[in-house]
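Residues in the sequence shown are numbered consecutively from 0, following numbering that gives the first Met the number 0.
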Amino acid sequence: MAWILVAGSILFVWIISLCKVILMSHMTNRNSFKRNGKALQKRNVLLVIAHPDDESMFFTPTINFLTSRGHNVRMFCLSIGDADNKGNVRKQELYQACATLKVPMQQVKVVDHPDLQDGFGKVWNHNILANLVKEEIRRHTIDMIITFDNYGVSGHCNHRDVHYGVRTSVNSFSYGISRKLLHDNPYGDIEAWELVSTNILRKYSGPIDIWFSMFVAMMHSNGTIQFLVNEHSHRSFLAMAQHSSQWVWFRKFFVAMSSYTYMNTLRKI
Ligand SMILES: [Zn+2]
């Protein structure tokens, strides 16, 4: 009997939280990414990910926020995800998923570098990563970069290496490259943001995490934290479903239960 009560309570909170997500998606975030009190001008944004499907599993709220406001979003995927020899299929799936997320194919670039192959235990050279990102910044006049934080949501080593490749970090070697990368940009300031990783409880709390995320954002009113609600949560499912080779039961479970389907918290690097 007790477990029915617990399950019922969780379901109730889930529904209330989902209503809050839907409500906020219609009325907030208009002022996110303010600069000097003004709304953000159109930006050239580079979203740097490690594998095809990272964008759909983790970054959908951010992508929806940016594309719906006319920002120019470019996807930069640093591997074809060839761990199971499905790299070429997964590359095509990424194009389809990005189309679902309103990022056109010509703005999606997938790298297939011999030293950057998908897999646990495969260490990616931060110097190679930084040079590839730098080239993209120059080529497309990028003024905003978004990537994983140093845990990479799932803790996957490739996600973490991507983070270290593009930002200042505790690793002094990576720090030097990142500073140089930002300093070298001839187009002015580049804002860099990282997707905040949460603990396992929050990660699998779906829309319920909105209360925690709002609290965290409230504690950082100086603009170093941006809290974005997914304005089209269903697109997370539609986009992830384009990754047919990966669309197995546990990933369906992840997308349904993950708070990253419903919201993203970004921290300024
Ligand atoms: Zn990944």
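Positions of the beta carbon are idealized from the N, C-alpha and C atoms, including for glycine.
- For L227, no alpha helix (DSSP H) segment is defined; the enclosing uninterrupted segment is the beta strand (DSSP E) at I224 to V228.
- Between F57 and Y259, the C-beta gap is smaller than 8 Å, which places the two residues in contact.
- Under the 10 Å beta carbon count, S235 is surrounded by 16 or more other beta carbons and is classified as buried.
- Closest option to L265, judged by alpha-carbon separation, among F64, A96, L128 and N84: F64.
- When rounded, the separation of the alpha-carbon atoms in T140 and L194 is 22 Å.
- With contacts defined as CB atoms closer than 8 Å, P103 and C76 fail to qualify as a contacting pair.
- Taken from the Cβ of D53, at least one heavy atom of ligand 1 lies inside 7 Å.
- Setting aside the 5 residues that flank it on each side, G164 is surrounded in the same chain by H125, L128 and A129, each with a C-beta closer than 6 Å to its C-beta; the list follows chain order.
- For W248, the enclosing alpha helix (DSSP H) has its first and last residue at W248 to M256.
- When secondary structure is reduced to three states using DSSP, M26 falls in the helix class.
- Within the model, the alpha-carbon separation for V88 versus K251 is close to 19 Å.
- The stretch 140-150 makes no contact with the stretch 106-115: fewer than 3 CB pairs, one atom from each, lie closer than 8 Å.
- Distance from the CA atom of S24 to the CA atom of R68, rounded to whole angstroms, is 13 Å.
- For K267, the closest of W123, C156, A238 and F226 by C-alpha to C-alpha distance is F226.
- Within the DSSP bridge table, the entry for E190 names M143 as partners.
- Taken in chain order, the whole alpha helix (DSSP H) runs of length 4 or more contained in the stretch 105-163 are 125-139.
- For a cut-off of 8 Å, the C-beta gap from S196 to V152 is around 5 Å, short enough to register as a contact.
- Set against 7 Å, the gap from the CB of H125 to the closest heavy atom of ligand 1 is not smaller.
- In this structure, N157 has its CB closer than 7 Å to one or more heavy atoms of ligand 1.
- The bridge partners DSSP lists for F75 are V47 and K108.
- Distance from the CA atom of W246 to the CA atom of M239, rounded to whole angstroms, is 7 Å.
- Around H70, the same chain offers K41, R42 and V44 as residues with beta carbons nearer than 7 Å, after the five sequence neighbours per side are excluded.
- In this structure, ligand 1 has no non-hydrogen atom nearer than 7 Å to the beta-carbon of A96.
- Annotation for A216: I224, Q225, F226 and T264 place their beta carbon closer than 8 Å to its own, counting only its chain and skipping 5 residues before and after.
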